[in-house]
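Step one of this worksheet: look at the structure below.
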Amino acid sequence: MDFERLTLENESEILALLQDVWPRLYGATGCPQFSADYLRWLYGGPDCSRHLLLGCREKGRLVGLKAYLSRDLLLDGQARSASLSTHLTIRPDLDPASRLAIAAELSRLHPLTNDGAHDQRDALLAFFEGNKTLVRNITRMAMQQKLNLVSLPFTQAIVNVRKVNAAAAEFDNVSVRQIQLAGVREMVSRLLSIAPESQLVWCPTNAMRIHHLSQAPGSLVLIAENDQGQVDGLLGGYRMDWLKNGSVTQMFIIESLITSGTATSAKLLAEAAQYSAMQGFRGVVIENSTMIEAADARRLGIMPTQREMILAVRSRLPLPDPIKSFSLDVK
């Protein structure tokens, strides 16, 4: 087995691996339908050289992959460099011993290790399906590795279109429009100053933020303005092609939602729901329920799904505990 660092020049091999393995392993419960556009969005952009894409080959054939995406943070007000681990993929036709060896190497917390092959990071982020046994295993491993660990359970949520439209109709002092991204730096700075504080916030460069907001498949970026013309909210999302039992469903995924209050949230969500309907998408999903206040969620018809998730943060540095909210894409 040979391990190597991959780049987007290996796009066709990476895509073939993901398209082959994920439907076989997760097709009954559902998984993304990976595309070249999706990979270029997620693995590309101005920070592409800071991502760590690890591959494993057997006799030249790509048989394993794990991605560590650059995600610099404000963590309880402190700047931290971080990586988000995702897309662990190993061909199931390998023998069990080989699969275990590949998994062990690809999951070796590379971003926290100073081995000269990549930038060392302060923190490693990962999302897991909610599972008590898995949480115990992660906790035990963190103790063995002498790492600090904080985990945050959360759910994804579905937007009740009828209810959010009714709520939006109550407010006439907020207007919503799609934006040109040239002024996004100043706009986001203002929004972060007025929005409820999250303890963990992704803070990309201006160029990377523009790439992430605008280059996703089916991307939509909305801003809300009050009657004084001030920006009071932002919503960013994209189209997710979801593959389950051989059928593809398109959903609109909201991964950025920064608002100053109920009226702004209602107007932005109603506009996103209208966009989703016009595109023929099946529905609107908020991928991180901690982005919206519980009282607003009830009023606006934001319904938690049964899919429970866990954000795990591991670091050799001290971590705030607990972490109650986050603003970061779920991958």
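Under full-length UniProt numbering, the letters of the sequence shown match residues 1 to 331, in that order. Quick reminder that beta carbons are idealized off the backbone N, C-alpha and C, glycines included.
By the CB criterion at 8 angstroms, PRO153 and ILE253 fall outside the cutoff. Comparing alpha-carbon positions, the option among TRP41, GLU9, PRO304, GLU4 lying closest to ASN160 turns out to be PRO304. Contact between THR155 and ARG307 holds, with the beta-carbon distance rounding to 7 angstroms and staying under 8 angstroms. For the beta strand (DSSP E) assignment, the uninterrupted runs of no fewer than 3 residues enclosed by the stretch 252–301 are, from N- to C-terminal side, 284–286. For ALA294, the closest C-alpha among the options PRO320, THR262, VAL174, VAL285 is that of THR262. By the 16-neighbour rule on beta-carbons within 10 angstroms, SER12 is exposed. Under DSSP, the beta-bridge partners assigned to GLY236 are VAL221, SER256. Note on ASN288: 16 or more other CB atoms within 10 angstroms of its CB, so buried under the neighbour-count rule. Counting C-beta pairs closer than 8 angstroms gives fewer than three between the stretch 6–21 and the stretch 199–210, which falls short of the contact rule.
A contact between stretches requires three or more CB pairs, one per stretch, nearer than 8 angstroms, and the stretch 168–179 meets this requirement with the stretch 223–231.
The stretch 13–30 and the stretch 242–249 touch, with three or more beta-carbon pairs separated by less than 8 angstroms.
In this structure ALA36 is exposed. Its beta-carbon is surrounded by fewer than 16 other beta-carbon atoms within 10 angstroms. Counting along the chain, the unbroken alpha helix (DSSP H) around SER12 starts and ends at 11–26. Distance from ALA168 to LYS267 at the Cβ level is roughly 5 angstroms; contact confirmed, criterion being Cβ atoms closer than 8 angstroms. With a cutoff of 8 angstroms on beta-carbon distance, VAL201 and SER327 are scored as near each other. From the listed residues ALA79, ARG57, VAL284, TRP41, the smallest Cα separation to LEU257 is found for VAL284. Take CYS56, set aside five residues on each side of it, and the residues of its chain with a beta-carbon closer than 6 angstroms to its own are MET1, PHE3, VAL63, GLY64, ILE102, in chain order. Counting C-beta atoms within 10 angstroms of its own C-beta, ALA272 has 16 or more neighbours from the protein chains shown and is therefore classed as buried. In this structure, the straight-line span from the alpha carbon of ALA79 to that of ASP93 is close to 42 angstroms.
Between VAL330 and PHE127, the gap from beta carbon to beta carbon is short of 8 angstroms. By the neighbour-count criterion, in which a residue is buried when 16 or more other Cβ atoms sit within 10 angstroms of its Cβ, GLU170 is exposed.
Secondary structure within the stretch 37–115: the beta strand (DSSP E) runs of 3 or more consecutive residues, fully enclosed, are 52–58, 61–70, 73–75, 78–80, 82–90 (chain order).
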